[in-house]
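Undergrad: Residue numbers (our numbering): 21 to 331.
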């Protein structure tokens, strides 16, 4: 099912308690950036309309209403830990863009936890802008009710060797994915490097003994394909490239914050099974639901822009 509208309203009115096995979201990051998004239609004959995507938050009436819902524990939805956390953050951050963003996310994460099955998992994709605050929010919502923080996954988005940048300090080259479970009884299947065909494509060179290797790691160090056998994929993912601007990759649809299908494939294979229900409450151009469809999962997608729903 695909829902067009505010994901908070859809979650509260249309998604039942404990009906989702896995939720992944890649919400706005409060990056204070304006994006220009261009979609290509399915046939490719022409370009769909362009629209500005603004990832900037302000302390407005909607933020005030959301803050009031949390402080007043509307519908008995919020734990005392969440109420105290948001109240404390208000004193520290004051009424501004970051607090508005965190109020927005808190309202929705509470609903995501509600709709997860007892064995369900939640992956939140974010960056350095607010990841440390979001972890506090997640802890207050999940850990206070029997859930647990499992891993902070680092997605290395760019190979920075020989990379030139206008950055005035360290080059930003990773995103963070926070992994939580609703309880200690959760579904998880280990994945192995030697079963990843996309990663194995990197082992193009052959040494004098006929062994395949790659030497595109820092310092030209060699990594051999044979050494991957039985090696579990960990929480640092450096094998999945990000889209470059105006990418020619066939996956690329022109969506400004689009992520690679390989990320979602890894998450879905590890934390769901055939027939599981997958939720993406910020589904954008539909990467999560496309991968779910291919992997024989049921899916629910929500987005507030009709361009995303059309794609």
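The C-beta atom is built at its ideal place from N, Cα and C for all residues, glycine as well.
Predicted model only: the values in this text are computed from it and were never measured.
Start and end of the alpha helix (DSSP H) containing residue 157?
TA: 151-162 is the extent of the alpha helix (DSSP H) around residue 157.
Undergrad: Can you name, in chain order, every residue of its own chain whose Cβ lies under 6 Å from the Cβ of residue 63, other than the five neighbours on each side?
TA: With a pLDDT of 40 at residue 63, under the threshold of 50, the modelled position of that residue is not reliable, and the figure given next carries that caveat. Hits under 6 Å: none found.
Undergrad: Per DSSP, what kind of secondary structure is residue 219 in: helix, strand or coil?
TA: helix
Undergrad: Between residue 205 and residue 138, how many whole angstroms is the CB-CB distance? I'm expecting something under 8 Å.
TA: 7 Å
Undergrad: Using the three-state DSSP reduction, which class does residue 244 fall into: helix, strand or coil?
TA: strand
Undergrad: Go through its chain and collect everything with a Cβ distance to residue 302's Cβ below 8 Å, but skip five positions before and after it.
TA: Cβ neighbours of residue 302 within its own chain (closer than 8 Å, five residues either side excluded): 27, 45, 46, 47, 48, 322 and 323.
Undergrad: Going along the chain, which residues of its own chain have a beta-carbon closer than 7 Å to the beta-carbon of residue 129, five neighbours each way excluded?
TA: 157, 158 and 161
Undergrad: At the level of alpha carbons, what is the spacing between residue 217 and residue 259?
TA: 11 Å
Undergrad: Less than 8 Å between C-beta atoms, sequence neighbours within five positions excluded: which residues of the same chain meet that for residue 295?
TA: 316, 317 and 318
Undergrad: Just verifying my parser: in three-state terms, what is the DSSP assignment at residue 277?
TA: coil
Undergrad: Please classify residue 345: is it buried, with 16 or more other beta-carbons within 10 angstroms of its beta-carbon, or exposed?
TA: Because the chain spans 21 through 331 in this model, residue 345 falls outside it and cannot be assessed.
Undergrad: Throw me the rounded Cβ distance for the residue 199 and residue 141 pair, which I believe falls under 8 Å.
TA: 7 Å
Undergrad: At which residues does the alpha helix (DSSP H) containing residue 110 begin and terminate?
TA: 100-113
Undergrad: Answer with buried or exposed for residue 187, where buried requires no fewer than 16 other C-beta atoms within 10 angstroms of its C-beta.
TA: exposed
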